[in-house]
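Numbering (our numbering), first residue to last: -13 to 268.
Okay, structure coming up:
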């Protein structure tokens, strides 16, 4: 059983405290089956380890039993587990959190291998190096840079922001434009409090393919109450994208996040229906 991280999400179902959420997530732990764990918050980790101990399931923890040395410039990870050391693994997905996920995957492979199902390291390394994952901090445009990400909880938003901040200073963006939409079961204020201070302009919208979208009027009211930032409200993702194209210069960033649904709908507009390069209005 693999538990990567714990964050506040689906709080009406899972609870609002991390320990509560961790206890629910620990429901995947089976009696006697090893657990690979990347959780580092103390209360959440205690909840998971209590369940594992009750079910006599050994736990391999990232940072204790699993070591990770990540070279962010070369995008390679050096990993060791209680079973063995790994050669350098290329991590094609952006962000230090993806290197941590890679370490957990390597540990899970070692657990499986120890159980008698042989998984050659060479095959695993090749598979990881060839991995592509849409809407996971995915760059889908240049000049301006366009990034779509499915972040929709505290931990994934933090990972997105840390990855954006890791960009070399010499290649920074002149302006950061956020396109944001999310679902009603998310911590809307919590997400906005993380995101808004890191952007110059926000374009609010609501996705069309799922009825759980927060109405754009509600988002607009929340943004106005939380921060003094230039804000635009649009009724659908296509309008949001066309507005972003008008606002963005060649050296700017357009970042789309808040939900799988908004990331997917904007991605379809950009990738499947490519348009001419936007012209800056300033």
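We treat Cβ as the ideally placed atom computed from N, Cα and C, and that holds for glycine.
Take the alpha-carbon of residue 229 and the one of residue 248: they are about 15 Å apart.
At least 8 Å separates the beta-carbon of residue 59 from that of residue 159. From the listed residues 218, 80 and 45, the smallest Cα separation to residue 147 is found for 80. The way I'd put it, the stretch 175 to 189 does touch the stretch 215 to 235; three or more beta-carbon pairs between them come closer than 8 Å. Here residue 9 is near residue 37, since their CB atoms are less than 8 Å apart.
Burial of residue 75 is indicated by the presence of at least 16 other C-beta atoms within 10 angstroms of its C-beta.
Within the model, the alpha-carbon separation for residue 54 versus residue 203 is close to 44 Å. Rounded to the nearest angstrom, the Cβ distance from residue 92 to residue 67 is 6 Å, consistent with a contact under 8 Å. Beta-carbon to beta-carbon, residue 14 and residue 4 are separated by about 17 Å, too far to satisfy the 8 Å threshold.
For residue 251, the uninterrupted alpha helix (DSSP H) segment begins and ends at 246 to 253.
The C-alpha of residue 69 lies about 44 Å from the C-alpha of residue 258. Its Cα nearest to that of residue -10, the residue 30 stands out among 30, 6 and 16.
Remark: C-beta atoms of residue 114 and residue 88 approach each other more closely than 8 Å.
The three-state reading of DSSP puts residue 214 in coil, since its state is none of H, G, I, E or B.
Residue burial annotation: residue 102 is exposed, with fewer than 16 other C-beta atoms found within 10 angstroms of its C-beta. Here residue 251 is buried. Its C-beta has 16 or more other C-beta atoms within 10 Å. With respect to the 8 Å criterion, residue 122 and residue 136 are classified as neighbours on the basis of their beta carbons. Separation of residue 7 and residue 213 (C-alpha to C-alpha, rounded to the nearest whole angstrom) is 29 Å.
Collapsing the DSSP output to three states places residue 74 in coil. DSSP, reduced to helix, strand and coil, places residue 227 within a helical segment of the structure shown.
In the assembly as shown, residue 142 is a buried residue. Its beta-carbon has 16 or more other beta-carbons within 10 Å. Distance between residue 22 and residue 172, taken at the CA atoms: about 27 Å.
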